[in-house]
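A short write-up of the structure that comes next.
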Ligand SMILES: Nc1ncnc2c1ncn2[C@@H]1O[C@H](COP(=O)(O)OP(=O)(O)OP(=O)(O)O)[C@@H](O)[C@H]1O
Ligand SMILES: Nc1ncnc2c1ncn2[C@@H]1O[C@H](COP(=O)(O)OP(=O)(O)OP(=O)(O)O)[C@@H](O)[C@H]1O
Ligand SMILES: [Mg+2]
Ligand SMILES: [Mg+2]
């Protein structure tokens, strides 16, 4: 599903966030990316979501080399990916429900169907009773969960989450991870950057550890890779 | 140092974030505030920093009732408190060093002295080599640490931190807590909201647990309160 | 999940027909944009006022020019040349010469006044009536009253006069030279000033309205960034901004017309007094429908173009590489 | 740590003397604000252009009025009344009447033309020279040429004329009535239009410049919010914005003067041609130092006031309760 070949990202200032990274994530995998602050986790996720481009190497997502995605095709590319941002990136001029509905509106989903999905997504993160509120009036953890709901509302095949539980208490973090896990069981590929090592260990998923922009450790090399085979009939949809 | 008497905070929408909260924090204490997402931790800290006012009850900080602080005195009040914000609140139109220097400039510290303190603060959060960068080009964890550096640069007597390690890996989180601990040893009172229960337990500090805006649990009632007495000679300054 | 198979990729999302989606989106975006303006009444009013005032200035200038030219057309009568012909020309020859002159492009009409008529008129007007009766012969020649075309400038008037004076049949060309020259010199200045004013105002409406919309959109850069990040096309991102620009333009244009109409109302009294002086029942020239249309058109157009550019500029900034 | 002991609270922070801090802060803020403008050349230029264009319009109007009134003063000569006196009045009586009329507030000067002078002039000018030699007696009366005060309106001119006509010594008052009335009717319209234009432009500069600065500051609301949150006083927060407003105003004002001077340069030729027509060497009226000062003063003032209000408004919004 995701293949990185010798990927390097050097920022204009000369800062090298990723250096010669090779990585492969299969369809249906649920993979965690760890690493200390500034290791390059967010940069890696951004390259995959085509929010940025690598300065060297190839990023191939679902057989599509991001280098060859033209500017006008980027929106269509991004629409296939659900993304949870580290800083939530909510819009404060509309309600929680409208925020979650935004990717559905962009995709042209009918109003009826969209509102059904919005409520389902908010339900999963436990915020259904706050759908009419403005995100500004939510706590940080609640905002983070709105961001998660928005990413899952479109039911993407690939979900990328950058530190989705940074502002959540352990109980809620586990709850969110269970949601992700359920997605994974329905065949969604997930790539999640996280610092919560205790939680990751609890889930027992594959874990990629970055250190200063280099692959330091890949648990797939040690243990059995955990791949939940997508069921023939796509039950989840 | 901090005394809350029957504090209630009800937001215009009718949402009650804090309900009849009583709390006392002594000078020189280091106290953690925990609670699930939306429990009212941030609201509590904001009331103490006079970013918001309670709808009922009294908030008394260092013998000063916040209710009686007039609008024009608020800046002077806030200058006495170091605050780490959950969403960092950095300015992206100036360098990291300028961000950290901002409270010193506001306090009218001379340029020489200010730059000395800025470097000391950045050193403590491990970002000295990035002082010239724009915060926009930093990772989320690095930004969070800039926010911490800014709060400690003025060497306040009371430091309030809202989820200061949400975007930090366990090693760095511990490092930051050690910095806070060192402050505490020099007599600074600290009030820190955090989800990282494992870390809090490791530090063995007093812990206040909120549940839906109510005091659920105060470890001070169970264990011995950990108060580091401020030394007669203020070594830290 | 390959990008080039877009229809396939969008498949999990059940969509209605593309046209109804397109129309539905526009309707909902239009009303949402209007709703946003209403929710921030102060900010919106300021921006609409800026647009209105900026458009009112050139519209007012245009109306002033129109009214002035409606009036100044009648000034021309004061600028006729009196071409006194040689005394030995007879009436037929004078009439023939008049017809000849009338064919010039810079001449509107030529009227022949015979020497007898001239004397009668002179007697009546000058107050010398009785005294002139003593004259043994008519000292006046036949006269051609030449009305120059209003298209003439001060220069071409001088030229016309010279050419008339150089005709072999001409004795002397009389004209209230001072008035004519002054009138044309002033007309030259005014038309130049109007040109400069129009250029300045044209620049003003583009710069001011463009910049206002740019700043307004910059304030909503988060919206652009976030919607782009979650996969909106440029057209999708632009749509609410275009509608905002549309509403600003429409409301600003309407307010501009209102402002100018108010100003015109205040000028009503002095203008109709002037019109009376010409016995022309000529009313104050107001906006006609075409002009109202073009003011609103310019306003809406600038609103749309301004928001298009501003939104596109911001999208460029956040595009990868 | 009590709030009312501010000096005490600030004690841990070693500070220099308050005056040098104050001055130092201003110098560094001023240069920082200017640096910010330079770093965003497009955005800054747009805003400065908006201010310049907005100020150029009333400045240009003002100059036009000044130039027009410098010229129109000389028009008055065309508006003299010729008061033909009764034929049985002798020269001394006529002169006495002239002195009397000259004392009126609405009259500038009175010139007496004796009947003999009048006849000579008429003979010379009318072309009837030889014919008039045949006259046995002078048919012309003594005449008073009354020059009305330029302060007269169309109405008061009519009144003056009537009063002159009603004098027992007056035979008839002659005047190119059409021209006078037209001139004054137009003058009335123009002055009314200028008044309306000035009001519109005054509103324009306040609304446009104020709104531009408001939007610019709104774009920097984060800066306001964050600095407030970490304990900055309102004065501290406002300072960079005031400096930004100052620079916008100063640069905009200078550019406005440049724009108007350019426009004036383009009007040079036609205006000096007009001036020649009056044989008055009168040059084009340009900005004097006082006006340049007041344009820049208005620009800087609006910049400062606009940014003060906008910044204060944003601070109010984030203040608790
Ligand atoms: N635009 C940029 N320009 C220059 N350097 C950058 C830029 N963005 C990120 N960096 C640098 O690249 C490195 C990796 O950043 P990244 O955001 O990927 O870290 P991260 O692993 O997500 O860290 P965190 O856990 O703190 O979010 C950091 O050192 C950061 O300073
Ligand atoms: N401005 C507001 N208007 C209405 N409700 C608000 C507002 N701010 C906060 N709330 C509500 O008050 C409750 C407490 O919020 P608070 O931010 O204090 O939570 P928190 O404990 O900090 O949570 P987190 O750990 O997620 O940051 C939440 O339910 C939130 O929705
Ligand atoms: Mg990151
Ligand atoms: Mg919080």
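Residue numbers (the numbering used here), protein chains in the order written: chain A, 1 to 237; chain B, 238 to 474; chain C, 475 to 795; chain D, 796 to 1116.
Glycine included, C-beta positions come from ideal geometry on N, C-alpha and C.
Quick one: is residue i near chain A, going by C-beta distance under 9 Å?
{"i": "residue 403 (chain B)", "result": "yes"}
{"i": "residue 407 (chain B)", "result": "yes"}
{"i": "residue 719 (chain C)", "result": "no"}
{"i": "residue 710 (chain C)", "result": "yes"}
{"i": "residue 489 (chain C)", "result": "At residue 489 (chain C) the pLDDT is 47, less than 50, meaning the model places this residue with poor confidence; the figure from the coordinates comes in the next sentence. Closer than 9 Å: yes."}
{"i": "residue 695 (chain C)", "result": "no"}
{"i": "residue 706 (chain C)", "result": "yes"}
{"i": "residue 765 (chain C)", "result": "no"}
{"i": "residue 794 (chain C)", "result": "yes"}
Helix or strand or just coil, what does DSSP make of residue i?
{"i": "residue 706 (chain C)", "result": "coil"}
{"i": "residue 1051 (chain D)", "result": "helix"}
{"i": "residue 793 (chain C)", "result": "coil"}
{"i": "residue 185 (chain A)", "result": "helix"}
{"i": "residue 9 (chain A)", "result": "strand"}
{"i": "residue 257 (chain B)", "result": "strand"}
{"i": "residue 402 (chain B)", "result": "coil"}
{"i": "residue 271 (chain B)", "result": "strand"}
{"i": "residue 667 (chain C)", "result": "helix"}
{"i": "residue 1 (chain A)", "result": "coil"}
{"i": "residue 293 (chain B)", "result": "strand"}
{"i": "residue 1102 (chain D)", "result": "helix"}
{"i": "residue 454 (chain B)", "result": "strand"}
{"i": "residue 1076 (chain D)", "result": "Here residue 1076 (chain D) scores only 49 on pLDDT, less than 50, and its place in the model is too uncertain to base an answer on."}
{"i": "residue 932 (chain D)", "result": "coil"}
{"i": "residue 447 (chain B)", "result": "strand"}
{"i": "residue 739 (chain C)", "result": "helix"}
For chain C, find out if any of its Cβ atoms is closer than 9 Å to the Cβ of residue i; answer yes or no.
{"i": "residue 76 (chain A)", "result": "yes"}
{"i": "residue 107 (chain A)", "result": "yes"}
{"i": "residue 848 (chain D)", "result": "yes"}
{"i": "residue 52 (chain A)", "result": "yes"}
Can you name the residues that DSSP bridges to residue i?
{"i": "residue 557 (chain C)", "result": "C:618 and C:647"}
{"i": "residue 693 (chain C)", "result": "Beta-bridge pairing links residue 693 (chain C) to no other residue."}
{"i": "residue 516 (chain C)", "result": "Residue 516 (chain C) is not bridged to any residue."}
{"i": "residue 585 (chain C)", "result": "C:619"}
{"i": "residue 64 (chain A)", "result": "A:61"}
{"i": "residue 318 (chain B)", "result": "B:395"}
{"i": "residue 430 (chain B)", "result": "B:270 and B:399"}
Could you tell me whether the Cβ of residue i comes closer than 9 Å to any Cβ of chain D?
{"i": "residue 690 (chain C)", "result": "yes"}
{"i": "residue 501 (chain C)", "result": "no"}
{"i": "residue 322 (chain B)", "result": "yes"}
{"i": "residue 445 (chain B)", "result": "no"}
Hey, is residue i's beta-carbon within less than 9 Å of any beta-carbon in chain B?
{"i": "residue 37 (chain A)", "result": "yes"}
{"i": "residue 9 (chain A)", "result": "no"}
{"i": "residue 46 (chain A)", "result": "no"}
{"i": "residue 831 (chain D)", "result": "yes"}
{"i": "residue 860 (chain D)", "result": "no"}
{"i": "residue 216 (chain A)", "result": "no"}
Practice task
Could you name the residues of the region 977–1005 of chain D whose beta carbon sits closer than 8 Å to any beta carbon of chain C, in the order they occur along the chain?
Solution key: Residues of the region 977–1005 of chain D whose Cβ lies closer than 8 Å to any Cβ of chain C, in chain order: 977, 980, 981, 983, 984, 987, 988, 991, 992, 995, 996, 998, 999, 1002, 1003 and 1005.
Practice task
Could you run through the region 333–360 of chain B and flag, in chain order, every residue whose CB is less than 9 Å away from some CB of chain A?
Solution key: So the list is empty, because no residue satisfies the distance condition.
Handout entry: Contact shell at 5 Å, judged by CB to any heavy atom of ligand 6, ordered along the chain
Key = Ligands present in the displayed structure are limited to ligand 1, ligand 2, ligand 3 and ligand 4, and ligand 6 is not among them.
Exercise for the section: Anything in the region 13–34 of chain A with a Cβ closer than 7 Å to a Cβ of chain C? List those residues in chain order, please. Expected result: Taking 7 Å as the Cβ-Cβ cut-off against chain C, none of the residues of the region 13–34 of chain A qualify.
Handout entry: Interface residues of the region 55–73 of chain A facing chain B [CB-CB below 7 Å]
Key = Flagged: no residues at all.
Handout entry: chain D contacts made by the region 726–741 of chain C, where a contact means CB separation under 8 Å
Key = Hits within the stretch, in order: 733, 737, 740 and 741.
Practice task
Could you run through the region 131–142 of chain A and flag, in chain order, every residue whose CB is less than 8 Å away from some CB of chain B?
Solution key: Those residues of the region 131–142 of chain A that come within reach of chain B (Cβ to Cβ, closer than 8 Å) are 133, 137, 138, 139, 140, 141 and 142.
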